[in-house]
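Student: So that we are looking at the same thing, I have put the structure below in structure tokens.
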Amino acid sequence: MTAMWRKLALSVAASLVFAGIGLAQTGSFEGKVTGEDGQPLKDALIKIERTDIRGNYQVKTNKKGQYFHAGLPLGTYKLSCLVNDQVKDSVNNVRTKLGDPVEVSFNLAEMAAKQKSIQKAAETGQLTQEQTREMSAEQKAAIEKQLKERSAAMAKNKALNDAFNQGMAGIQAKQWDSAVEGFNKAAEMDPKQYAVWANMADAYVGLANTKTGADQMAAYEKAQEAFRKAMELKPDDAGTHNNYALLLAKSKKFDEAQTELTKAAQLDPPNAGKYFFNLGAVLLNTGQAEPAGMAFKKAIEADPNYADAQYQYGMYLVNKATMKDNKMVAPEGTKEALQKYLELKPAGPYAESAKALLTAMDATIDTEYKNPTAAAEAAKKKAAKKK
Numbered sequence: 135m136t137a138m139w140r141k142l143a144l145s146v147a148a149s150l151v152f153a154g155i156g157l158a159q160t161g162s163f164e165g166k167v168t169g170e171d172g173q174p175l176k177d178a179l180i181k182i183e184r185t186d187i188r189g190n191y192q193v194k195t196n197k198k199g200q201y202f203h204a205g206l207p208l209g210t211y212k213l214s215c216l217v218n219d220q221v222k223d224s225v226n227n228v229r230t231k232l233g234d235p236v237e238v239s240f241n242l243a244e245m246a247a248k249q250k251s252i253q254k255a256a257e258t259g260q261l262t263q264e265q266t267r268e269m270s271a272e273q274k275a276a277i278e279k280q281l282k283e284r285s286a287a288m289a290k291n292k293a294l295n296d297a298f299n300q301g302m303a304g305i306q307a308k309q310w311d312s313a314v315e316g317f318n319k320a321a322e323m324d325p326k327q328y329a330v331w332a333n334m335a336d337a338y339v340g341l342a343n344t345k346t347g348a349d350q351m352a353a354y355e356k357a358q359e360a361f362r363k364a365m366e367l368k369p370d371d372a373g374t375h376n377n378y379a380l381l382l383a384k385s386k387k388f389d390e391a392q393t394e395l396t397k398a399a400q401l402d403p404p405n406a407g408k409y410f411f412n413l414g415a416v417l418l419n420t421g422q423a424e425p426a427g428m429a430f431k432k433a434i435e436a437d438p439n440y441a442d443a444q445y446q447y448g449m450y451l452v453n454k455a456t457m458k459d460n461k462m463v464a465p466e467g468t469k470e471a472l473q474k475y476l477e478l479k480p481a482g483p484y485a486e487s488a489k490a491l492l493t494a495m496d497a498t499i500d501t502e503y504k505n506p507t508a509a510a511e512a513a514k515k516k517a518a519k520k521k
């Protein structure tokens, strides 16, 4: 071999040696991903991030849950396992090496159990040293934030409960100013509590009953506002619509009261009798006898055993009675309504009235006028003549 060829051969050999050395300066990662169900997880994304200098790689697991990524420069990496774009687990500060792949596996079932244990411990504020060591910086920050929020929430809940209890104690003691104060404080802390607004409305109604004139109407307006807030939070509560309607009636808003009571009956058919009776009472108290009678009729149709509704409907019909041959002729259903009342409440407050009306309907009424002093005057005249 000539000197030139020897020189060329050595040059090629050196190039091959240097090329081999360059290829050898890489490493690889391999591992397996076990899902939360304990089975191999297919298509989990393994994200490989180099942390000493910039570099990002990724690979997915096969049907056996396995992955392999070669050709990675020697360095320090963070490996993360993502499922549906969510990081389920990660391992930091892992170095590649020459030769065999570095194994990094992810058991998501174990990780889920560990996370659940940490979460439970965090809720009680009793993390063990071992649990703290196993947590990443991100996890520690998240747990610390959660503990602070939980502490703040507990303090808020205590203040909220204290304010609400003040309101309830005020209602029970009929200390309306204190009740109103407590519920207003509670509403400021948490305006999404139905019970706060519903009870606040009752407190304002109680306060209004101790006032007169403009002060009373102002308290009624506050009560109405509280009822509306309560119904925004719980629009299907029939009792709230009923109580709001009765307040509207006190405020002489009769059309609105009728609308609310009808709504209550629609929302709560089993108690529709009560709501229609209340509607009848509102209408009757405002001089609207005809619609009141229809409301009482609806009440007994909804609940035939509603005694007071039977009596009021009977009275409505009595007012339509006519006279014929000196005898009261009441519309059909009058006797039945009054008799039903007596059957249900034989000693009720309207029992004597119902009995008297039933007796009158079966008797001829003497319409001949008689002077109650006529006999005495006749005797006086007779005695005078004898003189």
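Sequential numbering from 135 applies to the sequence shown in this note's numbering. C-beta atoms are modelled at their ideal positions from N, C-alpha and C, and glycine is treated no differently. Note that the coordinates shown come from a computational prediction; the quantities given were computed from them, not determined experimentally.
1) Using three-state DSSP, classify residue 204 as helix, strand or coil.
2) Please name the residue or residues paired with residue 221 in a DSSP beta bridge.
3) By DSSP, does residue 438 sit in helix, in strand, or in coil?
4) What are the start and end residues of the alpha helix (DSSP H) that includes residue 396?
5) Taking contact to mean 3 or more Cβ pairs, one atom from each stretch, closer than 8 angstroms, check whether the segment 172 to 184 and the segment 205 to 223 are in contact.
6) Hey, quick one: how far does the alpha helix (DSSP H) through residue 315 stretch, first residue to last?
7) Can you give me the C-alpha to C-alpha distance between residue 345 and residue 391, rounded to a whole angstrom?
8) How long is the line joining the alpha carbons of residue 324 and residue 414, rounded to whole angstroms?
9) What's the gap between the Cα of residue 435 and the Cα of residue 338?
10) Just to confirm before moving on: does the CB-CB distance between residue 440 and residue 482 stay below 8 angstroms?
11) If you reduce the DSSP assignment to three classes, tell me which class residue 188 lands in.
12) Any idea if residue 199 is buried or exposed, counting beta-carbon neighbours within 10 angstroms, 16 or more meaning buried?
13) Per DSSP, residue 179 forms a beta bridge with which residues?
14) Grouping DSSP H, G and I as helix and E and B as strand, with all else coil, what is residue 157?
15) Quick check on the DSSP output: the alpha helix (DSSP H) that includes residue 363 runs from which residue to which?
16) Just the Cα atoms here: how many angstroms apart are residue 333 and residue 301?
Tutor: In short:
1) strand
2) For residue 221, which the question treats as bridged, DSSP gives the partners 216.
3) coil
4) 388 to 401
5) yes
6) 310 to 323
7) 22 angstroms
8) 37 angstroms
9) 34 angstroms
10) no
11) coil
12) buried
13) Beta-bridge partners of residue 179 (DSSP): 194, 216.
14) Summary for residue 157: the model assigns pLDDT 46, below 50, so the residue's position carries little reliability; its value from the coordinates is reported in the next sentence. Correct three-state label for residue 157: helix.
15) Annotation for residue 363: the continuous alpha helix (DSSP H) segment containing it runs 347 to 367.
16) Near 8 angstroms, if we compare the C-alpha coordinates of residue 301 and residue 333.
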